[in-house]
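Chemist: This is the structure, below, for whatever I ask next.
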């Protein structure tokens, strides 16, 4: 299996720094991005399966995360969305399917609204399509992040938090992945970049653009995701709002891509196979997930 660890990173030059990305496979383009505080290796179960099914899979690190530069000052859904669009243009192989987890998925939705000509489809894993909580609650959370994501305890806090929202069943590589996240955050500038992103995040910039989203979308949400008061209800709202197909994954929290690849991989392959102009992946290594996740 080819993983993010065995692929040399390439770099996209942006005005404030470089975005690292891995590029594997050939075929229709899928561009993926992790969520806040995560690494490209979050897709080490999903990306190889897509490559095996005949897709070119490009996985980018967020600003200040992984192998990307820590020189960026602007962070957030729209900033990451501009990076995704710039990467698709740089690769000159679009339109692309954009795939993201958490705020990475939010950024993909923003990008699809901004440049529908560059986005063929959306795969959204635990996305935030609206700002949770009240303005007062958000102010409190920004203050909490400033404290908890400070040195010397910030990396340990985030590793613990990452595990806490991975509710339900976990990947066999969960411990290894969380340890890699923690090690990365000990590198100079990385914890500051995570803190800056956490403080800057405002998903209302995505909610304001939802009516402009034209691309077909698949939304996958873990039934135990603690980021949603009612994961099933939130999934229903998202699928209704953007006309998406939804899959609710039982016994899974915020990271379905590595918590339940047995459900997520076939669901994504089935969705991709149904997009206009893309090859039928139904004869690939996995069959559609009819018995695992519940479709909405």
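In full-length UniProt numbering, the protein residues as written are 1 to 296. Using N, Cα and C, we set each Cβ at its ideal position, and we do this for glycine too. Here the structure is a predicted model, which is why all the values come from computation and not from measurement.
(1) State the beta-bridge partners of residue 163 as determined by DSSP.
(2) Taking the runs of the beta strand (DSSP E) that are 3 residues or longer, which of them lie wholly in the stretch 42 to 113?
(3) At a cut of 8 Å, does the stretch 202 to 214 reach the stretch 83 to 98 through at least three beta carbon pairs?
(4) Buried or exposed: which applies to residue 38, given that a residue is buried once 16 or more other Cβ atoms fall within 10 Å of its Cβ?
(5) Between the alpha carbons of residue 215 and residue 152, how many angstroms are there, rounded?
(6) Rounded to whole angstroms, what's the CA-CA distance from residue 225 to residue 232? Just pull it up for me.
(7) How many Å lie between residue 132 and residue 60 at the Cα?
(8) Hey, out of 76, 67 and 91, whose CA is closest to residue 58's CA?
(9) Taking 6 Å as the line, does the beta carbon of residue 100 fall inside it for any heavy atom of the ligand NAP?
(10) For residue 255, collect the residues of the same chain with a Cβ closer than 6 Å to its Cβ; drop the 5 residues on either side in sequence, then sort them by chain order.
(11) Within 10 Å of its beta-carbon, does residue 26 have 16 or more other beta-carbons around it, so buried, or fewer, so exposed?
(12) Could you tell me which residues DSSP pairs with residue 145 in its beta bridges?
(13) Counting Cβ pairs closer than 8 Å, one from the stretch 134 to 153 and one from the stretch 193 to 207, do we hit at least three?
(14) Let's see if you can read the secondary structure: which residues bound the beta strand (DSSP E) around residue 24?
Modeler: So, to answer that:
(1) DSSP lists no partner for residue 163.
(2) 56 to 60 and 96 to 101
(3) no
(4) buried
(5) 43 Å
(6) 10 Å
(7) 26 Å
(8) 91
(9) What this structure holds is no ligand at all, so the ligand NAP is not there to describe.
(10) 166
(11) exposed
(12) Beta-bridge pairing links residue 145 to no other residue.
(13) yes
(14) 17 to 24
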